[in-house]
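Let me begin by presenting the structure, written as structure tokens, before commenting on it.
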Amino acid sequence: MTNYQIYSHDVLVIGSGGAGLRAAIEASAAGASVAVICRSLLGKAHTVMAEGGVAAALGNVDDRDNWKVHFADTMRGGQYLNNWRMAELHAKEAPARVKELEAWGAVFDRTDDGRILQRNFGGHKYPRLAHVGDRTGLEMIRTLQDYVIHEKVDIYQEYTIISLLKEEGRVVGAFGYDREKGLFKVFQAKAIIIATGGMGRIYKISSNSWDCTGGGISLAYHAGAELIDMEFVQFHPTGMVWPPSVRGLLITEGVRGEGGVLRNNQGRRFMFDDIPELYKGQTSTDEEEGWRYTQGDKNAKRPPELLTRDHVARCITREIKEGRGSPHGGVFLDIAWIKEKISNAPEHIKRKLPSMYHQFKELAGVDITKEPMEVGPTTHYIMGGVRVDADTQMTNIEGLFAAGECAAGLHGANRLGGNSLSDLLVFGQRAGEFAAKYAKGTTIGKINDEQLKEISAWALSAFDKGSMSGSENPFQIQTDLQEEMQKLVGIVRTEIELTEAIQKIKDFGLRITKAGCSGNRAYNPGWHTALELKHMITVAEAIARAALERKESRGGHFREDYEQKSDAFGKVNIAIRKNSDGSMELKHVPKLKIRDDLQQIIEEMK
Amino acid sequence: MPKVIFNIWRTSSTGGEFQEYKTEITEGMVVLDAIHQIQAESANDMAVRWNCKAGKCGSCSAEINGRPKLMCMTRMSDLPEGKPVTIQPMKAFPVIKDLVTDVSVNFRIKKKIKRFKPRPPDAPDGTWRMDQGDIDRIQEFRKCIECFLCQDVCHVIREHHLEEKFAGPRHLVYAAALEMHPLDIEDRRDDLKSQHGIGFCNITKCCTTVCPEGIHITDNAIIPLKERIADKFYDPLMRFFRIFSK
């Protein structure tokens, strides 16, 4: 083989957020030799930013909760486009995964009798989110990180994978480089788990970390994996809107869970104006009752601020569009008002929402215990991603697995808050288990030398282009792409804009062939960005095409030209594959028929 | 809008030097925004490590006008107006390139600290009971985002380069979170005294001053650990007792 450094493992995990680390721990426990590729340093992945909590029907705060209620809530939240088997496994296994974290040293907030405390969140019938103030993600990633470093797992920090390697229909490895020196590396593996998270960075206003460029989704797609549900992007209703440099930064749903309310510039709680049919039975129409719900009154119904994220985001968008927004183009989120209700409100807020207090104080000069926050929607999550088998997390490619945000199925058309942290634990564990099992039954595959030469030549061509006339600045292309996606493939979509978006993305495809960089290969952000653009454009195209294809409004996908749900589209997921000529092929895949006992649970809980 | 001068450390084949850049500053910008803008406008290959830009991941640690800070949490409006801004990598760690340092030593030190070891579960379903009051303190320690600014500012490491003998503030906070964990039954006091060199800390509290999470590193973590060690090794009554219990 050409003189690249080669590493060989049974299981290669690409991605070191919650799903990747959980998968690595499981695969290692099953006896596999495991490598984890971290694009950044260990413990810095986007999971660290998760705030509100991890959803699991522990029933610690309300003993009426159990897996069936969680399952029904998840399906309702996903507008029944979810993979029902994943929703079932998730609801059943999440409690065990959370308890396991406690056994590994996680320190969740407590109930009065010393058990794990759970809080209310949008779309969850009972208080269900185990949490640590508003820094649950940090607690989870640190617990997993501090566990994995003592296991037999090789951790490669600041490595970037640029391509998967295949031979005779199965994955045999991955090709990438270390950031420090920029040297190419070959990772041979019997099984590969993609756990690279989301794609928020293809939008201008996003709550996502630097890492979230859709890299893993694109790697899998180019290797022949099928994607589904790519039209379903979650715009979180509450991101910061001011000052401009922090626009999009997340404000946890926990603010509303703790009693925070949304108001327009007339002081009206506009969420009461539009309560969707599916949720009428469980939503309060009375402000006082809503407050009691947030304070744990089991007989009260939830306030409309805690409706699902897709709906709240659209209501906020409507208020802003119709001129009832805040001075900087958002609406008001007020937690300070609870001083009318409880005596030590400022201390209470600081204890329950420490990061939010800190974030507004430091970055916006706003004291949230005294004044309302200005908030607006921000790109937060993609429900879609790589299509996987519910039980094993294997993709349609032999030996290739996916887990966490980059995989699809659990959340359907809209994800409930807190279901992402439980998703990555449940399916990270499963991916690790089944990848290790798969690896045991197979041998190390052969790496194709020609393929490596081709990829490395492509990767290095960015340096040649950098010195040519007419070369493009990769950062500029990235910014332009983010602007266009924000404008044309945002919360409210139309055929005209989506068609325009697809054309623009094609143009970006030409522009990136001219993206050049200067300097040398060592820790070079220009080079890194130039290589990354391919992924960003692939994912952008998949989202735009799927969004154009789904001629209805459902969950995170809202079409102004098809405002209603359609029965026909309610029966299918949209799948995307790469054609042999390199183009994107879309097809409608009928939903799997749900098991009778699960359908019955849904009916009972309606 | 005003243009501000930045003097940024850039490495070169012969070592490195400060280079001057000018960029426009708009309302609300933090230092990391300015760095990104400079990178996009005129220094595509300038290395900077960052992830969340929200003060949660602890990646963008650097020295701004000589003070160890997170670039994402330092607002331009808090720096002296009209004066150039100096940005250099953390001094206590070897430079990889420009503003990026090699912090791998921290991952090696952490691995040497004995892992969490819980007592048997309290309830038949495999769970434990803990009082919120008993975990408040370690929840403070667990806020740590591993930015390593405390390691950077600690003179034992920064001036005397004793990182092989002294674990440093971050790792003492980590050890304290384990030692004070209500469920943990491991004893790390021997290691803290010998291997992790807690005695090197002479409580100047520089680490506490720079902690972006406001953790009371010295008062709440290091001093109580020192007391526990003193109780074990230097308490005369206990010494007496040990002689006879051998």
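In the order they appear, the protein sequences are chains E and A. Numbering of the first sequence is given in my numbering, commencing with residue 1 and proceeding in unit increments. Numbering of the second sequence is given in my numbering, commencing with residue 1001 and proceeding in unit increments. Here a beta-carbon is modelled for each residue, glycine too, at the ideal position from N, C-alpha and C. Values in this document were obtained by computation on a predicted structure and should not be read as measured data.
Practice problem: Sort V489(E), H588(E), S8(E) and D109(E) by Cα distance to K352(E) and report the nearest one. | Solution: D109(E)
Self-check item: 8 angstroms CB neighbourhood of I455(E) in its chain, flanking five on each side removed
Solution: I162, S163 and F175
Quiz item: Would the beta-carbon of H1171(A) fall within 9 angstroms of that of I1109(A)?
Solution: yes
Self-check item: Cβ-Cβ distance between N1220(A) and F1141(A) below 9 angstroms
Solution: yes
Quiz prompt | Neighbour list for N1051(A) in chain E, Cβ cutoff strictly below 8 angstroms | solution = S40, K44, A45, H46, V48, S209, W210 and D211
Exercise. Taking only runs that begin and end inside the region 1159-1225 of chain A, name each unbroken alpha helix (DSSP H) of 4 or more residues, in chain order.
Key: 1169-1179, 1189-1193 and 1206-1210
Quiz prompt | N-terminal and C-terminal residue of the alpha helix (DSSP H) that Q600(E) is part of | solution = D596 to E604
Quiz item: Does the beta-carbon distance from A91(E) to G418(E) come in below 9 angstroms?
Solution: no
Quiz item: Using a C-beta to C-beta distance shorter than 8 angstroms, which residues of chain E count as neighbours of G1126(A)?
Solution: K99 and A103
Quiz item: Taking DSSP as the reference, what is the three-state secondary structure of Q1132(A)?
Solution: helix
Self-check item: Meets three-Cβ-pair contact criterion under 8 angstroms: the region 573-588 of chain E and the region 1003-1019 of chain A
Solution: no
Self-check item: C315(E) versus G123(E) - alpha carbon distance
Solution: 16 angstroms
Quiz prompt | Option in M75(E), R97(E) and V98(E) with minimal Cα separation from E88(E) | solution = M75(E)
Practice problem: Could you name the residues of chain A that S245(E) contacts, counting a contact when the two beta carbons are closer than 7 angstroms? | Solution: G1028, M1029, V1030 and D1033
Quiz item: Given P1182(A), which residues of its chain have a CB within under 7 angstroms of its CB, disregarding the five upstream and five downstream residues?
Solution: M1130, D1134 and I1135
Quiz prompt | Distance between beta carbons of M199(E) and V539(E), contact taken as under 8 angstroms | solution = 5 angstroms
Quiz item: Q79(E) and G470(E) look like a contact to me (Cβ under 8 angstroms); what is the Cβ gap, rounded to whole Å?
Solution: 47 angstroms between Cβ atoms; not a contact.
Self-check item: M536(E) versus D596(E): straight-line alpha-carbon distance, rounded
Solution: 40 angstroms
Quiz prompt | CB of M373(E) within 9 angstroms of CB of M271(E), strictly | solution = no
Quiz item: Looking only at its own chain, which residues have a Cβ that is under 7 angstroms from the Cβ of R22(E), when we skip the five neighbours before and after it?
Solution: L144, L424, L425, G428, Q429 and G432
Quiz item: Who are the near neighbours of P354(E) in its chain, counting only those whose CB is closer than 6 angstroms to its CB and skipping five residues on each side?
Solution: G133
Quiz item: Taking 9 angstroms as the CB-CB limit, is H624(E) close to chain A?
Solution: This structure cannot settle anything about residue 624(E), because the visible part of chain E is limited to 1 through 606.
Quiz item: Looking at the C-beta of A1040(A), does it have a partner C-beta in chain E at a distance below 9 angstroms?
Solution: yes
Quiz item: Counting only beta-carbon atoms, is N1202(A) nearer than 9 angstroms to chain E?
Solution: no
Self-check item: Nearest-angstrom Cα separation, counted from P304(E) out to T285(E)
Solution: 8 angstroms
Quiz item: Out of E1027(A), W1009(A), T1026(A) and G1028(A), which has the shortest C-alpha to C-alpha gap to E1020(A)?
Solution: W1009(A)
Quiz item: Helix, strand or coil for V426(E) per DSSP?
Solution: helix
Self-check item: Rounded C-alpha distance that separates I1217(A) from L1162(A)
Solution: 19 angstroms
Practice problem: Find the nearest neighbour of K1226(A) within the set D1098(A), R1075(A), V1085(A) and M1180(A), judged by alpha-carbon distance. | Solution: M1180(A)
Quiz item: Does C1111(A) come within less than 9 angstroms of chain E when only Cβ atoms are used?
Solution: Before going further, note that residue 1111(A) is Lys rather than Cys in the sequence given. With 9 angstroms as the cut-off, K1111(A) counts as an interface residue toward chain E.
Self-check item: Endpoints, the beta strand (DSSP E) within which E289(E) is located
Solution: E289(E) -> not in any beta strand (DSSP E); alpha helix (DSSP H) instead, spanning E287 to T294.
Exercise. Closer than 9 angstroms by beta-carbon distance: list the chain E residues that pair up with H1171(A), in chain order.
Key: Under the 9 angstroms cutoff, chain E gives no residues; its nearest Cβ is about 12 angstroms from H1171(A).
Quiz prompt | Interface flag, P327(E) vs chain A, CB-CB below 9 angstroms | solution = no
Quiz item: Under a three-way DSSP split, which group does E231(E) fall into?
Solution: coil
Quiz item: Nearest chain E C-beta to F1166(A) closer than 9 angstroms, yes or no?
Solution: no
Quiz item: Which bits of chain C does P1089(A) rub up against, with CB to CB less than 9 angstroms?
Solution: Absent from the structure is chain C; the protein chains it does hold are E and A.
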